[in-house]
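K.L.:
What follows is a single structure, and I will ask about it in a moment.
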Amino acid sequence: MDRSGPSTPRLLLVEDEPASRLFLQAAAAALPAQVDTAARLSEAYALAQTRDYALWMVDANLPDGDGGALLRRLREHGLETPAIAHTAACDEAERQRLLAEGFVDVAIKPLSAAAWQDAIRAALDGRAPDDGRGLPQPASASAPVWDDLAATRALGGNPTHVTALRDLFLAELPVVREQVVAAARIHDHDRLRGALHKLRASAGFVGAARVDRAVQALQAMPDDASALQGFLEATDQTFATPQSAHTA
Numbered sequence: 001m002d003r004s005g006p007s008t009p010r011l012l013l014v015e016d017e018p019a020s021r022l023f024l025q026a027a028a029a030a031l032p033a034q035v036d037t038a039a040r041l042s043e044a045y046a047l048a049q050t051r052d053y054a055l056w057m058v059d060a061n062l063p064d065g066d067g068g069a070l071l072r073r074l075r076e077h078g079l080e081t082p083a084i085a086h087t088a089a090c091d092e093a094e095r096q097r098l099l100a101e102g103f104v105d106v107a108i109k110p111l112s113a114a115a116w117q118d119a120i121r122a123a124l125d126g127r128a129p130d131d132g133r134g135l136p137q138p139a140s141a142s143a144p145v146w147d148d149l150a151a152t153r154a155l156g157g158n159p160t161h162v163t164a165l166r167d168l169f170l171a172e173l174p175v176v177r178e179q180v181v182a183a184a185r186i187h188d189h190d191r192l193r194g195a196l197h198k199l200r201a202s203a204g205f206v207g208a209a210r211v212d213r214a215v216q217a218l219q220a221m222p223d224d225a226s227a228l229q230g231f232l233e234a235t236d237q238t239f240a241t242p243q244s245a246h247t248a
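Position 3 of the sequence shown, counted from 1, bears residue number 3 in the UniProt record's numbering, the numbering being contiguous throughout.
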């Protein structure tokens, strides 16, 4: 089994959304740490079976299953590596469910690089997590299209990283938008919830505040036509508004 050195822990990050994966990987690597990534449960399972990790960091919801199922399967094979769940679902019931499944902590996306690093350190050290860490701040009614200050803070003050993540976000947004619209129009709440879950995390990381606000509204009222229209308008405005992270 492949082992990392004692001074630099090797971590496994399981995350399918590209912008979120890049952010979480970069923040974890800055600890410092070696960070391997997987976009699907099948990839994560194969890596966890062949490499010795100090910590698994698992998205609670992935295209081919949920993080709890992965953790159960790995535990059944005798692997006892500690694991953090990360999710954009911020309700207490979801958090308690994930803790009951064996995760040592639940990180709520979006969160800052510092909060993510604190969660990793606590898990590596075997410390109890801070229950208040990483709770998202609600978007205001007058949310800007791009919240540059929030994005640069989340990424440790590096506007270059903000620009790179926003490029990824904008490249993925048309596909996710179509998924949201298709699911909403046929009232497929499961598909809608999955698409909005993915979008909520990445919007927060890149400071797409107006999209984040619209996503929250549609999550709260999935059958509301005005909420869907608000989502469409927010994405249109985001496409039309140039980035300005260098001014943050």
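Note that CB positions come from ideal geometry on N, CA and C, so glycine has one too.
Taking DSSP as the reference, what is the three-state secondary structure of T87?
P.N.:
Three-state DSSP puts T87 in a strand.
K.L.:
So what's residue 249 in DSSP terms, helix, strand or just coil?
P.N.:
What the structure shows of the chain is the stretch from 1 to 248, and residue 249 is not part of that stretch, so it cannot be assessed.
K.L.:
Would DSSP call Q243 helix, strand or coil?
P.N.:
Here Q243 sits in coil by DSSP.
K.L.:
In terms of DSSP beta bridges, what is T37 paired with?
P.N.:
Paired residues: L13.
K.L.:
Quick one: what does DSSP say R185 is sitting in, helix, strand or coil?
P.N.:
Helix at R185.
K.L.:
So if DSSP puts L55 in a beta bridge, which residue, or which two residues, is it bridged to?
P.N.:
L55 is bridged to L11.
K.L.:
So, do the segment 110-125 and the segment 45-53 have three or more beta carbon pairs nearer to each other than 8 Å?
P.N.:
Too few Cβ pairs lie closer than 8 Å, so no.
K.L.:
So, helix, strand or coil for D64, using DSSP?
P.N.:
Coil.
K.L.:
If you count every other CB in all the chains shown that lies within 10 Å of the CB of S226, and 16 or more means buried, which is it?
P.N.:
By the neighbour-count rule (16 or more Cβ atoms within 10 Å), S226 is not buried but exposed.
K.L.:
Taking only the alpha-carbon atoms, compute the straight-line gap between T163 and D188 and give it to the nearest angstrom.
P.N.:
Each residue's alpha carbon lies about 33 Å from the other.
K.L.:
Can you list, in chain order, the residues of its chain whose CB lies under 6 Å from that of G132, leaving out five sequence neighbours each side?
P.N.:
Unreliable placement is indicated for G132, whose pLDDT of 46 sits below 50; no coordinate value is reported for it.
K.L.:
Would you mind working out which of G102, R97, D52 sits nearest residue 272, comparing C-alpha positions?
P.N.:
Residue 272 lies beyond the range of the chain shown here (1 to 248); nothing can be said about it.
K.L.:
Do A38 and the ligand PLP come close, with the Cβ less than 6 Å from some heavy atom?
P.N.:
Among the components of this structure there are no ligands whatsoever, and the ligand PLP is therefore not found.
K.L.:
Report buried or exposed for F169, applying the criterion of at least 16 other Cβ atoms within 10 angstroms of its Cβ.
P.N.:
Flag for F169 reads buried.
K.L.:
Just checking my contact of L98 with A154 at CB under 8 Å: how many whole Å lie between their CB atoms?
P.N.:
So it is not a contact: roughly 22 Å between Cβ atoms.
K.L.:
Considering only the beta carbon of each residue, do L12 and W56 sit closer than 7 Å?
P.N.:
Yes.
K.L.:
In angstroms, rounded to a whole number, what distance separates the CA positions of V175 and V181?
P.N.:
In a straight line, the C-alpha of V175 is about 10 Å away from that of V181.
K.L.:
So the beta strand (DSSP E) A107 belongs to, where does it begin and stop?
P.N.:
It spans 105-108 - the beta strand (DSSP E) in which A107 sits, taken as one unbroken run.
K.L.:
Any idea if D190 is buried or exposed, counting beta-carbon neighbours within 10 angstroms, 16 or more meaning buried?
P.N.:
Its Cβ having fewer than 16 others within 10 Å, D190 is exposed.
K.L.:
Kindly give me the distance between the Cβ atoms of R200 and D212, rounded to whole angstroms, as I take these residues to be in contact under 8 Å.
P.N.:
With a Cβ gap of about 7 Å, R200 and D212 count as contacting.
K.L.:
Starting from the Cα of T8, find the closest Cα among D91, E17, L24, L31 and give me that residue.
P.N.:
Ranking the options by Cα distance to T8, first place goes to L31.
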